[in-house]
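> Residue numbering for the sequence shown follows our numbering, beginning at 184 and increasing consecutively.
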Amino acid sequence: MIYVKDANNNYNWDEVSPGGNITEGGTSLQINTGDWRIYIPKFFESECIQCMLCFPVCADSAIPVNKDGKREDFDFKHCKGCGVCYKVCPKIDKAITWEQEDK
Ligand code: SF4
Ligand code: SF4
C-alpha cells in the first residue's frame, strides 16, 4: 500500500491507501497538481501593484510571497489553473493574463 508521503506517478489506483486517506501533513508539496492545468495565468511584475488580493485566494498556495512581503511569479508545479487569482486582480489582463496552455 502506498501512502501520500511516498506518492509518485508510478503506482496503480489499487495500491493507494484506503479511501485515499492522507495520514501526514504537508503532503501537498509532493504532489504535482500543475499537471491538471489546461489554462495558465502569467504574471507581469512591472504591472503588479502588490495589492496581495491574489495570494490568499489561490487554491493551492501557488503564489509565493517573498520575505519582503511581495508576491513572486507563480509556482507552476502546483498552480491548477483555476483562474481565481486572475479574476480578483485589479490589474486584470495586465499584471495577470490568462490563456490556454500548450502542452
Ligand atoms: S490559477 Fe488558481 S491555482 Fe493557479 S495561481 Fe491562480 S489561484 Fe492559484
Ligand atoms: S492581485 Fe494582481 S496587482 Fe494585486 S498582487 Fe496579485 S498580481 Fe499584483
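Each residue gets a CB set at the ideal place from its N, CA and C atoms; glycine is no exception.
From a predicted model like this one, the values you see are computed outputs, not experimental measurements.
1. From residue 274 to residue 256, what distance separates their C-alpha atoms?
2. Short of 7 Å in beta carbon distance, which residues of its chain neighbour residue 238, apart from the five on each side in sequence? Order them along the chain.
3. Can you tell which of 284, 278, 286 has its C-alpha closest to the C-alpha of residue 230?
4. Just checking residue 262 against ligand 2 - is the residue's beta carbon closer than 6 Å to any of the ligand's heavy atoms?
5. Please name the residue or residues paired with residue 282 in a DSSP beta bridge.
This is what the structure holds:
1. Residue 256 has its alpha-carbon roughly 15 Å from the corresponding atom of residue 274.
2. 246, 248, 254
3. Answer by Cα proximity: 278.
4. no
5. DSSP, once it has assigned bridges, lists 223 as partnering residue 282.
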